[in-house]
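Notes follow once the structure below has been shown.
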Amino acid sequence: FFDSMKWKWWELQLADVVVAGSPKPDSVPVSWLKPGTTIINCSPDSLSGRPSLNTTETAVCSLAAAMRMQNMVKNTERWIQSQQLRKWDLRCLKLQPLSPVPSDIEISRAQSPKAVDVLAKEIGLLTDEIEIYGQTKAKVRLSLLERLKDQPDGKYVLVAGITPTPLGEGKSTVTIGLVQALTAHLKINSFACLRQPSQGPTFGVKGGAAGGGYAQVIPMEEFNLHLTGDIHAITAANNLLAAAIDARILHENTQSDKALYNRLVPVVKGVRGFSSIQLARLRRLGINKTDPETLTEEEISRFVRLDIDPSTITWQRVVDTNDRFLRKITVGQANTEKGFVRQAQFDIAVASEIMAILALTTSLEDMKERLGKIVVANDKKGEPVTADDLGVTGALAVLMKDAIKPTLMQTLEGTPVFVHAGPFANIAHGNSSILADKIALKLVGEKGFVVTEAGFGADIGMEKFFNIKCRASGLVPSVVVLVATVRALKMHGGGPSVSAGAPLKKEYTEENLQLVADGCCNLQKQIQITQLFGVPVVVALNVFKTDTPAEVDLVCKIAKQSGAFDAVPCSHWSDGGRGAVKLAQAVEKAANQKSSFKYLYSLELPIAEKIRVIAQKVYGAKDIELSAAAQSQIDRYTRQGFGKLPICMAKTHLSLSHQPERKGVPTGFILPISDVRASIGAGFIYPLVGTMSTMPGLPTRPCFYDIDLDPVTEEVKGLF
């Protein structure tokens with residue numbers, strides 16, 4: 042309220058609504074009010090002649106003025122309450138687990154999910170903050186972060202794992218089981234933040250990534266197939282940039298400077314003008330001109346010629362399918378390309394730098410800036426060529442404008458899940474998006490929990506989570522949940538090889554305490570890796586029906602002796618959230634422990650030294666060995682000013698070393714770095730260890746043999 046001159050001008054500048062009760066409201070200078078302020082004028086005089094400030098101006102009598110002021114206060118209070126965090130009013134879904142446990146898709150289909158708009162309302166989202174996709178999915182707008190900017194964050198929990206078998210050890214299942222336990226059983230607000238699965242593993246070997254058993258995201262077929270189209274948007278943006286590279290080289294090779302200039306800056310309705318991205322390029326070149334007619338011949342030549350060196354192109358086309366025959370291709374063989382032929386390759390879509398950018402961005406503006414910084418090649422002078430130079434940044438941002446919004450879904454027990462971004466952990470940084478985490482941390486409230494997952498073992502996904510994602514987000518986790526299985530520990534203890542699709546040998550289905558004890562060396566090593574970052578660790582033993590009580594007790598005992606805050610057997614796969622209640626209680630206690638989080642290395646270290654720190658402290662290598670090509674790239678990136686970026690190792694997930702067959706805790710090995718590449722937009726350098734491929738292949742019998750569609754009911758069959 043403003044009455045007479047009781048308020049100072051700096052106090053008025055903070056107000057969104059001003060109710061003026063002064064008989065001389067004209068004595069209030071307009072400069073005292075911020076633009077957009079709503080004024081309720083309850084004085085006898087009008088404010089005629091003043092600039093429009095969204096005002097309601099009526100001369101009213103004293104009684105009417107008092108009533109109006111009272112109503113305004115009530116309306117303003119209601120508006121303020123609507124902008125603040127709302128208490129959750131979550132209706133959890135009941136589970137009735139069956140034994141034996143049915144298939145994942147049968148379990149998913151037997152549950153009736155809540156309508157997504159109902160779920161959104163239950164967790165405090167406003168109607169205009171969601172964009173609904175069908176009945177069970179919705180995009181969440183980033184405007185929520187502004188509304189809840191003053192809301193304290195909840196607790197942040199990372200789920201990682203030991204070095205897995207090719208079958209996977211159930212990190213996604215543990216993540217979902219944990220949030221079901223926290224919210225449906227302990228009545229604590231929680232959110233799961235998961236990666237979107239690629240169609241590569243879904244139709245290849247590993248299957249989907251919705252969790253499993255009675256700890257799933259539902260509907261699982263919608264989760265695993267297309268979702269809201271984010272990966273398709275990434276594919277479109279990635280391939281538009283790839284097309285722009287080859288097209289630019291062709292046009293520069295076949296046209297004069299003048300012809301290029303006339304086409305790049307055409308006359309439209311008698312006027313020639315630069316686009317905004319072209320003006321930005323001129324500024325980067327040091328040409329401070331805005332009139333196309335004033336450029337000199339030398340300036341025109343510098344402007345129109347990127348002079349891309351084809352041998353340095355690092356930007357590849359992508360497709361979201363495991364297709365080994367695209368690992369090396371030849372482009373430009375048609376006569377229309379006039380002899381411009383070069384060798385290239387396809388990567389799987391989730392290995393695209395644009396996927397990494399989506400996962401690491403913090404806003405639409407930040408994403409656009411990162412897209413523009415993407416380095417696709419070098420010019421013939423050795424300088425980087427970017428998406429900004431190609432003039433495609435704005436178009437990439439347009440293709441990605443909806444993909445930047447996290448997708449809201451739910452678990453089998455009706456608790457909320459964000460699904461957003463899906464980079465692999467062995468060939469990318471392997472974590473879901475910062476934006477999903479940040480929104481979830483606001484929604485759960487100060488006493489709630491956000492549980493996110495890092496791909497593969499702690500040496501792969503967790504290391505990148507801490508050193509790359511946490512640097513970009515500024516967030517610090519409260520607890521790490523380290524997932525282990527008796528099966529994987531037996532493999533690390535010297536058990537027979539485990540292969541997807543092949544029956545497990547008897548060593549894995551019968552009690553063998555010696556194999557378990559010997560294999561716990563890998564669990565101990567992963568606990569030690571977690572401790573390097575100063576975060577408490579809780580071991581979650583994902584129990585299978587063939588595990589014996591003695592094996593389970595042995596693993597938990599060794600884990601606690603090795604420095605874990607706690608170690609808990611979990612049966613969420615067969616029992617839902619009820620089977621992870623003890624894990625949830627252990628996580629809640631661990632989250633109250635003092636954390637002394639720290640990064641593994643300083644960004645000021647040289648690139649090679651940062652690689653060496655990861656190899657020695659995390660993997661256990663004796664040293665690294667850089668190929669000539671890798672050393673050359675390191676020298677180039679350092680010279681170009683990219684030496685202070687974090688490192689994203691591209692390495693097999695099946696061993697701590699670079700050799701998948703070496704299980705347990707290999708030591709004394711030399712880690713070979715075959716090549717080094719840069720994702721400047723995403724903000725990291727990624728060395729390739731050994732013979733890592735960025736395009737998986739299909740096995741002899743892929744998952745797609747079992748996937749089918751009922752043409753009558755339209756039900757999907759065979760997904761897992």
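Counting in my numbering, the sequence shown runs from 42 upward without gaps. Quick reminder that beta carbons are idealized off the backbone N, C-alpha and C, glycines included.
Supposed close pair residue i, residue j - CB separation, criterion 8 angstroms
i	j	result
Ile665	Ile648	About 11 angstroms separates the two Cβ atoms, so there is no contact after all.
Leu282	Leu437	6 angstroms
Phe745	Leu641	With a Cβ gap of about 40 angstroms, Phe745 and Leu641 do not count as contacting.
Leu166	Val181	7 angstroms
Tyr660	Asp478	At roughly 27 angstroms, the Cβ-Cβ gap does not stay under 8 angstroms, so Tyr660 and Asp478 are not in contact.
Ile568	Ser603	5 angstroms
Extent of the continuous beta strand (DSSP E) to which residue i belongs
i	result
Val491	490-494
Asp388	387-389
Gln626	First-last for Gln626: 622-632, but that is the alpha helix (DSSP H), not the beta strand (DSSP E).
Ser231	231-235
Tyr549	Not the beta strand (DSSP E): Tyr549 falls in the alpha helix (DSSP H), residues 547-550.
Arg358	358-360
Asp751	Looking at the DSSP string, Asp751 is not in any beta strand (DSSP E), and its letter there is neither H nor E.
Asp716	711-720
Pro728	725-730
Leu449	448-452
Ile370	370-372
Pro457	457-460
First through last residue of the alpha helix (DSSP H) which encompasses residue i
i	result
Glu262	261-265
Gln555	554-572
Arg411	405-414
Met441	434-441
Thr679	669-680
Gln240	240-244
Ser514	511-514
Phe344	338-345
Thr355	Thr355 -> no alpha helix (DSSP H), and no H or E assigned at all.
Thr269	Segment: none, Thr269 is in no alpha helix (DSSP H) and carries neither H nor E.
Pro647	Per DSSP, Pro647 belongs to no alpha helix (DSSP H) and is neither H nor E.
Cβ pair residue i, residue j closer than 8 angstroms
i	j	result
Thr571	Gln221	no
Gly498	Thr204	yes
Gly249	Leu760	yes
Ile475	Leu595	no
Asn419	Thr353	yes
Val730	Leu712	yes
Tyr255	His613	yes
Val258	Thr448	no
Cys234	Phe574	no
Gly195	Val485	yes
Ile217	Gly489	no
Residues that residue i bridges to, as DSSP identifies them
i	result
Ala581	Val524, Val609
Glu172	Lys180
Thr206	The partner list for Thr206 (beta bridge, DSSP) is empty, contrary to what the question assumes.
Tyr197	Val491
Ala691	Leu729
Arg132	DSSP, once it has assigned bridges, lists no residue as partnering Arg132.
Gln257	Gly252
Gln419	In the sequence under discussion, the amino acid at residue 419 is Asn, which differs from the Gln named in the question. According to DSSP, which records beta bridges pairwise, Asn419 is partnered with Pro425.
Whole-angstrom distance between residue j and residue i, CA atom to CA atom
i	j	result
Ala390	Thr355	15 angstroms
Val306	Arg358	28 angstroms
His226	Arg365	45 angstroms
Gln384	Val757	39 angstroms
Asn95	Glu406	The predicted position of Asn95 is uncertain, since its pLDDT is 47 and thus under 50; a value taken from the coordinates is nonetheless stated next. Near 29 angstroms, if we compare the C-alpha coordinates of Glu406 and Asn95.
Lys692	Leu582	25 angstroms
Glu702	Phe710	13 angstroms
Ala285	Pro351	13 angstroms
Val58	Gly77	9 angstroms
Ser87	Ser72	Confidence is the limiting factor: at Ser87 the pLDDT is only 43, short of 50, which leaves the residue's position unreliable and the question unanswerable from this model.
Leu131	Leu160	7 angstroms
Gly654	Leu695	At residue 654 the sequence reads Val, which differs from the Gly that was named. Cα-Cα distance, rounded: 20 angstroms.
Lys409	Leu320	17 angstroms
Ala627	Thr371	55 angstroms
Val717	Cys689	10 angstroms
Asp361	Gln152	29 angstroms
Leu336	Asp430	18 angstroms
Glu98	Asp169	The predicted model places Glu98 with a pLDDT of 45, which falls under 50 and marks its position as unreliable, so this point remains unresolved.
Val101	Ala56	Note that Val101 scores 46 on pLDDT, short of 50, meaning its location in the model is unreliable; the coordinates nonetheless yield the value given after this. Going from the Cα of Val101 to the Cα of Ala56 covers about 23 angstroms.
Contact test: residue i Cβ vs the ligand GTP heavy atom, cutoff 7 angstroms
i	result
Gln240	No copy of the ligand GTP occurs in the structure displayed, which carries no ligand at all.
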